[in-house]
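Remarks on the structure that follows.
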Amino acid sequence: MDLHTEPADHASVRQWNELGTVASADCILRFDHVSLFFDDDVHALDDVSFQLKKGETRILFGAAGSGKSVLLKCALGLLKPTAGVIELFGQDITTLRETELFEIRAKAGILFQESALFDSLTVRDNVAYPLENQGASKRERLEEGALEEKVREALRFVELEETLDKFPSELSGGMRRRVGIARAAVTDPPLILYDSPTAGLDPITANTIIALIVKARDTRHTTSMLVTHRYQDGHMMANYRFNSQTSEIEPAPRDSGVHESTIFMVFQEGKLVFEGTQEELQAAGDPYVSKFKSNYVRRT
Amino acid sequence: MLDVLKSPILAFQDFIFLSGRAFKNIFRSPHYTDDIFIQADTIGFGSLPIVVLTGFFTGAVMGLQMSRALNQYGATGQIGAIVAITLVRELGPVLSSITVAGRNASGMASELGSMKVTEQIDAMRALGTDPTQKLVTPRLLATSLTLPMLTVIADFVGLVGCYLVASLFLNQTSSQFWNTAWRALEWNDILQGLLKPFVFALVISLVGCFYGMRTSGGTQGVGRATTQAVVASIVWIFILNLLITRLFVSGTN
Numbered sequence: 080m081d082l083h084t085e086p087a088d089h090a091s092v093r094q095w096n097e098l099g100t101v102a103s104a105d106c107i108l109r110f111d112h113v114s115l116f117f118d119d120d121v122h123a124l125d126d127v128s129f130q131l132k133k134g135e136t137r138i139l140f141g142a143a144g145s146g147k148s149v150l151l152k153c154a155l156g157l158l159k160p161t162a163g164v165i166e167l168f169g170q171d172i173t174t175l176r177e178t179e180l181f182e183i184r185a186k187a188g189i190l191f192q193e194s195a196l197f198d199s200l201t202v203r204d205n206v207a208y209p210l211e212n213q214g215a216s217k218r219e220r221l222e223e224g225a226l227e228e229k230v231r232e233a234l235r236f237v238e239l240e241e242t243l244d245k246f247p248s249e250l251s252g253g254m255r256r257r258v259g260i261a262r263a264a265v266t267d268p269p270l271i272l273y274d275s276p277t278a279g280l281d282p283i284t285a286n287t288i289i290a291l292i293v294k295a296r297d298t299r300h301t302t303s304m305l306v307t308h309r310y311q312d313g314h315m316m317a318n319y320r321f322n323s324q325t326s327e328i329e330p331a332p333r334d335s336g337v338h339e340s341t342i343f344m345v346f347q348e349g350k351l352v353f354e355g356t357q358e359e360l361q362a363a364g365d366p367y368v369s370k371f372k373s374n375y376v377r378r379t
Numbered sequence: 020m021l022d023v024l025k026s027p028i029l030a031f032q033d034f035i036f037l038s039g040r041a042f043k044n045i046f047r048s049p050h051y052t053d054d055i056f057i058q059a060d061t062i063g064f065g066s067l068p069i070v071v072l073t074g075f076f077t078g079a080v081m082g083l084q085m086s087r088a089l090n091q092y093g094a095t096g097q098i099g100a101i102v103a104i105t106l107v108r109e110l111g112p113v114l115s116s117i118t119v120a121g122r123n124a125s126g127m128a129s130e131l132g133s134m135k136v137t138e139q140i141d142a143m144r145a146l147g148t149d150p151t152q153k154l155v156t157p158r159l160l161a162t163s164l165t166l167p168m169l170t171v172i173a174d175f176v177g178l179v180g181c182y183l184v185a186s187l188f189l190n191q192t193s194s195q196f197w198n199t200a201w202r203a204l205e206w207n208d209i210l211q212g213l214l215k216p217f218v219f220a221l222v223i224s225l226v227g228c229f230y231g232m233r234t235s236g237g238t239q240g241v242g243r244a245t246t247q248a249v250v251a252s253i254v255w256i257f258i259l260n261l262l263i264t265r266l267f268v269s270g271t272n
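In order, the protein sequence lines correspond to chains V and X.
Using my numbering, the letters of the first sequence correspond one by one to residues 80 to 379.
Using my numbering, the letters of the second sequence correspond one by one to residues 20 to 272.
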């Protein structure tokens with residue numbers, strides 16, 4: 080749906096407007112009229128409302144500085160909004176203190192733009208970090224052997240098991256992103272946020288990264304939010320699935336539900352100006368939104 | 020007027036919050052014992068050479084300067100007493116702390132600052148863990164444990180420096196020098212000489228971590244945070260030194 084064009088008769092737009100106040104039962108993340116202003120005049124987010132349902136994938140498009148990364152940080156309570164309500168796993172995180180947020184954040188994984196791996200720790204320690212430290216005061220620590228196996232499994236998932244003892248500085252940009260995905264996914268969180276996972280990578284590596292995100296979505300059933308500049312990333316998420324028998328990414332059949340559960344969102348100067356499926360994005364008439372759609376990629 | 024004050028007051032408030040969290044974390048799990056030892060090694064053992072050098076040359080130079088002044092009164096025999104008191108009460112704690120501030124407050128601010136600008140601190144928070152627990156508390160504990168020890172070593176090496184001057188240029192015997200030095204010291208001096216580095220250690224670690232954790236603006240911001248951390252911690256060392264000295268001096272009077 081194009082929020083810039085006459086939305087009054089569009090059923091899904093009415094639904095979008097109502098979502099400002101009502102959360103559905105399977106809602107994992109809800110933004111309700113969220114705004115974030117820096118220095119009073121910079122509108123990083125401007126009255127953003129949407130909800131992310133279980134099993135859904137949201138692709139966030141927008142020019143640099145349009146508020147996409149800020150939105151991900153707000154979603155985990157790393158930044159506090161100036162106005163509005165953010166509910167993560169049913170809890171309003173805008174009113175919680177930093178120490179109260181740790182437990183909720185532990186249920187979500189995030190891949191930062193530049194991976195944000197701890198450069199003084201080896202790959203093994205980076206991936207083990209959430210396992211060793213999350214809620215460490217409350218629950219028993221994993222046995223040494225079980226921890227090692229979990230770390231290896233996460234690295235096997237991103238096909239980087241051989242890098243266990245390397246430091247992040249010894250890895251290429253693409254490998255760092257893959258380790259970042261392993262660290263985000265090692266605790267099997269139901270929600271993973273990806274901040275520009277393909278930015279600055281060559282097309283082959285970028286496709287590998289998206290294939291891993293598709294794999295995480297289909298094998299671990301994670302709900303995802305993906306910030307990206309590349310239409311291809313959204314296209315792959317909306318039209319491909321992971322085949323666990325062949326361990327390959329393959330085109331998803333029309334009735335697989337993958338296409339419908341992938342929602343595209345376009346941001347302009349902190350405002351959510353488009354929200355809808357790939358077809359709706361392709362049909363959008365707004366000149367800004369049109370910049371994020373493809374004229375040559377067709378659904379397979 | 021109020022707008023001008025707003026920023027430093029907010030910064031001070033943040034500093035108090037960070038300090039409070041760092042202290043609370045001492046009694047809260049998880050405890051990063053390995054990190055405490057690593058930091059103690061970096062801050063304590065790593066600073067040993069420069070602290071020993073500072074202590075030695077300060078003691079030796081004081082010996083030379085004092086010998087000239089005391090010679091006028093024919094009291095060069097008291098050189099050990101004067102240098103011992105000055106070193107243990109003032110110069111040992113202050114010079115060791117300034118050396119450690121220059122070396123480690125900057126190190127902490129730049130390390131944590133780099134982590135901040137590369138989103139590593141946000142990553143710790145996002146992964147549901149407390150960066151203060153992992154980064155600030157171990158540095159606080161390690162500095163508080165090692166700086167008083169370093170000061171004791173600096174005091175002793177300073178006295179050795181002074182002793183060498185006294186024996187080489189003033190022909191003092193070793194028993195004469197060490198007896199005067201030892202007798203001059205009271206429990207009050209020892210307490211003062213240990214309390215000061217402990218308080219300065221809190222300042223150095225908390226200020227260093229505070230500036231590191233609030234770094235913004237990329238690599239330039241890291242440089243700025245490092246400079247601010249060193250300047251602020253040295254200024255606070257001087258201010259607190261005056262306050263603690265005043266406390267002890269008024270107590271004696």
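Glycine residues also receive a C-beta, built at the ideal position from the N, C-alpha and C atoms.
Item	Value
X:L157 - partner residues in DSSP beta bridges	First, the amino acid is wrong: residue 157 of chain X is Pro here, not Leu. Bridge partners of X:P157: none, in fact.
Burial state of X:Y182 (16 or more Cβ within 10 Å)	buried
The segment 233–246 of chain V touching the segment 201–211 of chain V, judged by at least three CB pairs closer than 8 Å	yes
At least 3 beta-carbon pairs within less than 8 Å: the segment 188–201 of chain V vs the segment 254–270 of chain V	yes
DSSP three-state assignment for X:T192, whether helix, strand or coil	coil
Cross-strand partners of V:G141 (DSSP beta bridge)	V:F346
C-beta neighbour in chain V for X:Q239, strict 8 Å	no
Minimum Cβ-Cβ distance from V:R299 to chain X less than 8 Å	no
Reference V:E359; option with closest CA among V:L124, V:G252 and V:I342	V:I342
The segment 148–157 of chain X / the segment 202–213 of chain X touching (three or more Cβ pairs under 8 Å)	no
Backbone secondary structure at V:K372 - three-state DSSP	coil
The segment 302–315 of chain V in contact with the segment 268–288 of chain V per 3-pair CB rule at 8 Å	yes
Short Cβ contact (8 Å threshold) for V:Y319 with V:P332	no
Beta-carbon proximity check, V:D125 vs V:K294, cutoff 8 Å	no
Proximity test, Cβ basis, 8 Å: X:G147 and chain V	yes
Beta carbon proximity, X:A142 to chain V, threshold 8 Å	yes
Min CB distance V:A233 to chain X below 8 Å	no
Local conformation of X:F31 per DSSP, three classes	helix
Short-range partners of chain V found in the segment 109–142 of chain X, where Cβ spacing is below 7 Å	T137, E138, Q139, D141 and A142
Inter-residue Cα distance where the pair is X:D54 and V:F129	42 Å
Residues of its chain near V:S148, where Cβ-Cβ distance is below 8 Å and the 5 sequence neighbours each way are ignored	Q192, D274, S275 and V306
Whole-angstrom distance between V:G144 and V:C153, CA atom to CA atom	15 Å
Below-8 Å beta-carbon distance, V:E222 vs any chain X residue	no
As assigned by DSSP and simplified to three states, the class of V:D120	coil
Simplified DSSP state of V:E354, which is helix, strand or coil	strand
Proximal residues to X:W255 (C-beta, below 7 Å), its chain only, five neighbours per side dropped	V222 and V226
Bridge partner(s) assigned by DSSP for V:R109	V:Q130 and V:E166
Completely contained alpha helix (DSSP H) runs for the segment 183–247 of chain X, where each covers 4 or more residues	193–203 and 206–232
Segment contact, 8 Å Cβ cut-off, at least three pairs: the segment 123–141 of chain X with the segment 164–183 of chain V	no
Neighbour list for V:E193 in chain X, Cβ cutoff strictly below 7 Å	T137 and E138
Buried or exposed (CB count within 10 angstroms, at least 16 for buried), X:P112	buried
Rounded C-alpha distance that separates X:V107 from X:G212	5 Å
Segment limits, beta strand (DSSP E) that includes X:L72	From DSSP, X:L72 is part of no beta strand (DSSP E) but of the alpha helix (DSSP H) over G65 to N90.
For V:L108, the nearest candidate out of V:R176, V:R299, V:T161 and V:R184 (CA to CA)	V:R184
Inter-residue CB distance, X:L159 and X:V119 (contact presumed, cutoff 8 Å)	Not confirmed; about 13 Å, so no contact.
Residue-chain proximity (V:Y208, chain X), Cβ-Cβ < 8 Å	yes
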